[in-house]
Amino acid sequence: MRGFRGEISVCIVHEFELQASFQFLVMAWEMKKDKIVLKIDCRDLVIVRTVNQAGHALSKQAACCLHKDRDSDPHCCLGEQPPSVDGGESGCTRYGALKEIDKGTLPIAKKIEVHGGEGVTAHRDLAVERQKSLREEGENRDLSIAASMYVYIYIYIYIYISVFPDLNWSFSELCSSDSRFTQQELPACKPILTPKWVISTFLLVSVIFIPIGVVSLFASRDVVEIVDRYETDCIPVDSRNNRVGFIQSSQDKTCNRTLRVPKHMRQPIYVYYQLDNFYQNHRRYVRSRSDQQLRSPGSNRDTSACSPEDTTPDGTPIVPCGLIAWSLFNDTYGFTRNNQQLIINKRDIAWSSDRDRKFGDNVFPSNFQNGTLQGGARLNTSIPLSEQEDLIVWMRTAALPTFRKLYGKIEVDLRAGETIDVTLQNNYNTYSFNGKKKLVLSTTTWLGGKNDFVGIAYLTVGGLCFFLAIVFTLIYLIKPRYFSLGCSFYSCTSYK
């Protein structure tokens, strides 16, 4: 901390004295009746700087430990009265009063009152003795408690001392009740918010935000999207009173749907499945995986976090383990147009970082979905995990209970008015938790998929700023106010 005059050589670390020039952390800054106490963390030793409001303790009298013959007086600063320096008051005269301050609040080696601007040296034996007593008593209190109470104050002090090192402040200038610091009379720089500046700022924001909002909203509206909810319609009418029983049975779950293209859809057309009321962000669900197992074939037994889907009944590890992989989405979709099948490209639907770093190219599924209760889709045991992109997409858990995940891409255009026949397998059980399933076909623009929020947010902020600019302009014209201006925008004044 630059700016303070003098040196303190009281840091005692591992029984060695270290010299420093205020390279310490200010731990606390508080008022104690008529005293201002500055606590500085010095590793094993905390110095308590005490001055009264008039700054008398900062006289030119040096503390007793600064005496050139201090080594001849090992009891210096132990509460006794050693000879004073320069004929002034003894440096230990007020030690008795210091002992009344802040008893037992910090695990310190010793509290020493510093009087002189030159510094003070603590006796090594005193600190060592205190450290031994602390270890014997088993005291282990945290200094951060005091620091957190005054964190804003010591950061404030540090910033001012660092930014204005040439001020050459002393403790008396900083601690005195009538100092420029305590009276908040330090150099300041603050904006003058004149009507012209306020109105201009609001107009500038509105001019920038409104066009961005309009462009973003039009880009979102250009996205063509088809959404089809099917979890109810794909249950036979006679089984709709027992949907969970139907989905868990071995009955055929093939379902045919028909979609009509509202507008021309340019390739690529992204196929998503959307789940509602599915909480992938549950803590136990999110943690039920083994990333090390997914990356390395030598870590197939790293299943400690995957319970209950960690091992088979005979103790063989499951790869991939955990509830996330076990609940893999297993509905399938097929598309035809004019009796011609539309190919769904399922490559490059996952993040490249996930494929290359999180899933190993030599890790293969084993013992997956072999239990009595099958959770979701099965995996091909001959294909490494890094190529099974349906799993990779599913393993990136969603933050909200309603989410979409990419199923594949249709790489042909769909013309307006065309009919798309969908053949799907309704296998995934969302009925036990009242979830919803939707099939989504969507195009994209330079802004991404369909999302009006960005455009509406920009338009709202821009419109509000424009409205405020008009209001302030009318007020300024009807009831003008006159200001005596200094700088055009910032007034940089130095208070005396």
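Counting in the working numbering, the sequence shown runs from 634 upward without gaps.
Ideal Cβ positions, reconstructed from N, Cα and C, are used throughout, including at glycine.
Q. Under a Cβ-count criterion, where at least 16 other Cβ atoms within 10 Å of its own Cβ denotes burial, should R920 be classed as buried or exposed?
A. exposed
Q: Helix, strand or coil for L1072, going by three-state DSSP, please let me know.
A: strand
Q: Consult DSSP for E858 and reduce its assignment to one of helix, strand or coil.
A: strand
Q | Q925, enclosing beta strand (DSSP E) - first and last residue | A | Careful: Q925 lies outside any beta strand (DSSP E), inside the alpha helix (DSSP H) at 924 to 928.
Q. In the DSSP assignment, what are the bridge partners of D1023?
A. D1023 pairs with nothing; no bridge assigned.
Q: Could you pull out every residue in the same chain whose Cβ sits closer than 6 Å to the Cβ of F835, ignoring the five residues on either side in sequence?
A: C1098, L1101, A1102
Q. Would a C-beta distance cut-off of 8 Å place V952 and F911 closer than the cut-off?
A. no
Q) With 16 as the cutoff for other CB atoms within 10 Å, does D866 come out buried or exposed? A) exposed
**Q.** Option in L908, K979, T945 with minimal Cα separation from Y1007
**A.** According to the sequence shown, residue 1007 is Gln rather than Tyr. For the residues L908, K979, T945, the minimum Cα distance to Q1007 belongs to T945.
Q. Whose C-beta lies closer than 7 Å to the C-beta of A1032 among residues of the same chain, with five residues either side of it excluded?
A. N914
Q: Could you tell me if P618 is buried or exposed, where buried requires 16 or more neighbouring beta carbons within 10 angstroms of its beta carbon?
A: Absent from the structure is residue 618, since the part of the chain shown begins at 634 and ends at 1129.
Q) Do you know how far the Cα of V838 is from the Cα of G1095? A) 6 Å
Q) Assuming N995 and P1017 make a contact with CB atoms under 8 Å, what is their CB distance in whole Å? A) 6 Å
Q.
Do P895 and V857 have their beta-carbon atoms positioned less than 8 Å apart in this structure?
A. yes
Q. Can you list the beta strand (DSSP E) stretches of 3 or more residues lying completely in the segment 889 to 942, in chain order?
A. 902 to 909
(Q) At the level of alpha carbons, what is the spacing between M898 and R1048? (A) 6 Å
Q) Who are T815's beta bridge partners in DSSP? A) In the DSSP output, where bridge partners are listed per residue, T815 has none listed.
**Q.** Cα-Cα separation between T1106 and P828, rounded to whole angstroms
**A.** 8 Å
Q: Consult DSSP for L1033 and reduce its assignment to one of helix, strand or coil.
A: coil
Q) When every heavy atom of the ligand NAD is checked, does at least one fall within less than 7 Å of the C-beta of R916? A) This structure lacks the ligand NAD, and indeed carries no ligand of any kind.
Q: Using a threshold of 8 Å, state whether the C-beta atoms of Q907 and V1073 are closer than that.
A: yes
Q) Does DSSP put S882 in a helix, in a strand, or in coil? A) coil
Q) For R970, which beta-bridge partners are listed by DSSP? A) Q973
Q: Can you check DSSP and say which residues form a bridge with V952?
A: S999
Q: With DSSP as the reference, label T1078 as helix, strand or coil.
A: strand
(Q) I'd like to know if the segment 1034 to 1046 and the segment 871 to 879 are in contact, where contact means that at least 3 CB-CB pairs between them fall below 8 Å. (A) no
Q: Give me the Cα-Cα distance between S1015 and S999, rounded to the nearest whole angstrom.
A: 10 Å
Q | N-terminal and C-terminal residue of the alpha helix (DSSP H) that L1101 is part of | A | 1086 to 1111
(Q) For Q1058, list the residues DSSP reports as bridge partners. (A) T887, T965
**Q.** Which residues DSSP lists as bridging K1038, in chain order
**A.** Y906
Q: Determine which residues share a DSSP beta bridge with N1067 and list them.
A: Partner(s): none; N1067 has no beta bridge.
Q. Do you know offhand how far L1039's Cα is from G948's?
A. 34 Å
**Q.** Buried versus exposed call for L678 [16 or more other C-beta atoms within 10 Å across all chains shown]
**A.** The predicted model places L678 with a pLDDT of 32, which falls under 50 and marks its position as unreliable; any figure quoted below should be read in that light. Under this definition L678 is a buried residue.
(Q) From the DSSP secondary-structure annotation, give me the bridge partner or partners of L836. (A) DSSP lists no partner for L836.
Q: Specify the secondary structure class of L1018 as computed by DSSP and reduced to three states.
A: helix
Q. Which one of Q974, K1069, A1010, G1088 has the shortest CA to CA distance from D1054?
A. Q974
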